[in-house]
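Quick note, the sequence shown lines up with residues 613 to 761 if you use our numbering. For each residue, glycine too, the CB sits at the ideal point set by N, CA and C.
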Amino acid sequence: MKTQIITLTALIVLSIAAPIYAQTNVIRAEVPFDFGVRGETLQAGEYTISQGIDNSGQRMVWILEMEDKSVVLLARSRHNPDAEDKPSLVFNRYGERYFLSSFVAPGSKIELPTSKAEKQARKLEGSNLAKGGPGKNRKGFVVVEATVD
């Protein structure tokens with residue numbers, strides 16, 4: 613009886629935990645500039661981005677720098693199995709500041725929530741544009757191509 617309870621408990625734990633760590637896509641990109649994501653600033657470098665699906669159906673996104681730096685994000689994705697978009701990372705640019713806003717993996721586009729720092733940069737950029745200041749013509753987005761592993 614004790615063995616059956618232990619076996620049943622182990623099966624339940626595995627059935628709950630497995631979907632959290634199931635990876636669906638892995639992409640790599642060399643980002644040539646420092647950028648913000650989820651309130652943190654990450655250095656330029658090579659990043660591996662993996663998706664896993666949690667029990668609620670949300671996409672859990674891991675951004676891993678090769679030198680032991682990682683940021684975990686929760687984000688929603690738009691699943692499109694017929695998507696022909698190339699894997700890429702999309703950054704919003706405000707002056708000399710960059711913020712990761714989304715990325716494309718095979719069959720999905722993952723959009724990340726806007727951080728407070730990005731909202732502040734956007735507001736400052738808008739203020740500078742209105743005044744004809746240093747932010748003029750510096751706003752936009754940058755696409756960094758990625759590869760699929």
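For this session: Under 7 angstroms Cβ to Cβ from residue 734, same chain only, skipping five residues before and after it: list those, please.
Result: 706
Exercise. DSSP state of residue 736, grouped into three classes?
Worked result: Residue 736: helix per DSSP, three-state reduction.
Exercise. When DSSP labels each residue in this structure, what does residue 731 get in the three-state scheme?
Worked result: helix
For this session: Would you kindly check if the distance between the Cβ of residue 641 and the Cβ of residue 701 is under 8 angstroms?
Result: yes
Exercise. Taking Cβ positions, are residue 715 and residue 661 nearer each other than 8 angstroms?
Worked result: yes
For this session: State the DSSP-derived secondary structure class of residue 708, mapped to helix, strand or coil.
Result: Reduced to three states, the DSSP call for residue 708 is coil.
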